[in-house]
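Numbering (the numbering used here), first residue to last: 1 to 161.
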Amino acid sequence: MMNQLDSLQFREVMGRFPTGVAVVCARAHGSAVWGVTVNSFTSVSLDPPLILVCIDRAAASHDKLTTAQTFAVSVLAEDQADIAKRFALEPPETRFDDVAWRGASDGSPVLEGAAAWLECETNGVMPGGDHSIVLGRVIASGCSDRGALLFFAGAYGRVVT
1 MMNQLDSLQF
11 REVMGRFPTG
21 VAVVCARAHG
31 SAVWGVTVNS
41 FTSVSLDPPL
51 ILVCIDRAAA
61 SHDKLTTAQT
71 FAVSVLAEDQ
81 ADIAKRFALE
91 PPETRFDDVA
101 WRGASDGSPV
111 LEGAAAWLEC
121 ETNGVMPGGD
131 HSIVLGRVIA
141 SGCSDRGALL
151 FFAGAYGRVV
161 T
């Protein structure tokens with residue numbers, strides 16, 4: 001197990017790897033919707049189409065998201081840093097306040113204005129240290145022509161071409 005100094009150094013080192021920013025959402029137990037910001041999100045396989053997301057076990061919405069049978073991933077657009085912060089920091093019950101979204105075929109929220117989105121069936125949940133690794137089989141997806149939000153060295157940014 002890492003000591004605190006090693007953990008902070010590891011976080012700093014990993015912060016030098018630019019990532020996209022996504023919000024993972026699910027409709028859990030009836031009508032309640034849940035979501036959390038992640039930057040640990042990647043494709044796993046093209047055939048079948050699989051992705052993975054990592055959810056912090058300390059996140060308030062961890063249990064709802066890791067037990068959902070389906071979920072949606074919204075890849076945030078470059079002007080959605082405020083949404084990234086909201087879904088990372090605000091209480092789960094207020095995260096969707098004044099945020100435009102539509103329901104995927106299963107009812108999972110897809111955030112409006114996202115650069116891309118994926119609707120997934122949960123294909124497995126595995127322990128990964130202080131996170132849970134959620135494997136999802138992509139059953140629908142789409143993208144816009146909007147640029148993606150990036151995260152690098154603790155700050156949000158955008159792709160410059």
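Beta carbons are placed, not taken as given, at the ideal position from N, Cα and C, and that holds for glycine.
None of the values given here were measured: they were computed from a predicted structure.
Taking the C-alpha atoms as reference points, what is the distance between residue i and residue j?
| i | j | result |
| --- | --- | --- |
| ILE51 | GLY128 | 15 Å |
| GLU12 | ALA153 | 7 Å |
| LEU167 | ASP47 | In the structure displayed, the chain extends from 1 to 161; residue 167 sits before or after that span and is not available. |
| ALA26 | VAL159 | 28 Å |
| ILE83 | GLU93 | 14 Å |
| SER74 | PHE41 | 11 Å |
| GLU78 | THR19 | 12 Å |
| ALA100 | GLN80 | 12 Å |
| SER105 | ASP97 | 21 Å |
| LEU149 | ALA68 | 26 Å |
| LEU171 | GLY157 | Residue 171 is absent from the model: the chain starts at 1 and stops at 161. |
| VAL33 | PRO91 | 13 Å |
| LEU8 | SER31 | 38 Å |
| ALA155 | ALA59 | 20 Å |
| THR161 | VAL125 | 37 Å |
Since residue i and residue j should fall inside the 8 Å C-beta cutoff, what is the C-beta to C-beta distance between them, to a whole number of angstroms?
| i | j | result |
| --- | --- | --- |
| SER108 | THR70 | 6 Å |
| SER144 | ALA115 | 6 Å |
| VAL138 | LEU118 | 5 Å |
Answer yes or no: do residue i and residue j have a C-beta to C-beta separation smaller than 8 Å?
| i | j | result |
| --- | --- | --- |
| VAL168 | VAL36 | The requested residue 168 does not occur in the structure, where the chain is confined to residues 1 to 161. |
| CYS54 | VAL38 | yes |
| ARG86 | ARG95 | yes |
| HIS131 | ARG57 | yes |
In terms of alpha-carbon separation, which member of the options lies closest to residue i?
| i | options | result |
| --- | --- | --- |
| HIS29 | SER61, THR42, GLN9, VAL53 | SER61 |
| ASP63 | GLY157, ALA155, LEU149, VAL134 | VAL134 |
| PRO49 | ALA59, GLU90, HIS131, ASN123 | ASN123 |
| ARG146 | GLY113, GLY136, MET126 | GLY113 |
| ALA72 | CYS120, SER31, ALA88 | CYS120 |
| PHE151 | PRO91, THR161, TRP34, MET14 | MET14 |
In the DSSP assignment, the beta strand (DSSP E) including residue i goes from what residue to what residue?
| i | result |
| --- | --- |
| LEU65 | Looking at the DSSP string, LEU65 is not in any beta strand (DSSP E); the run it does join, the alpha helix (DSSP H), is 62-67. |
| ALA140 | 131-143 |
| LEU52 | 49-56 |
| VAL99 | Looking at the DSSP string, VAL99 is not in any beta strand (DSSP E), and its letter there is neither H nor E. |
| GLU119 | 116-128 |
| PRO109 | 109-111 |
| THR37 | 32-38 |
| ARG27 | 22-28 |
| VAL44 | 41-46 |
| GLY157 | 155-158 |
| ALA148 | Note, ALA148: premise wrong, no beta strand (DSSP E); not H, not E. |
What are the start and end residues of the alpha helix (DSSP H) that includes residue i?
| i | result |
| --- | --- |
| ASP82 | 81-89 |
Examine the ligand SAM and report whether any of its heavy atoms sits within less than 7 Å of the Cβ of residue i.
| i | result |
| --- | --- |
| VAL110 | The model on display carries no ligand, and the ligand SAM is accordingly not part of it. |
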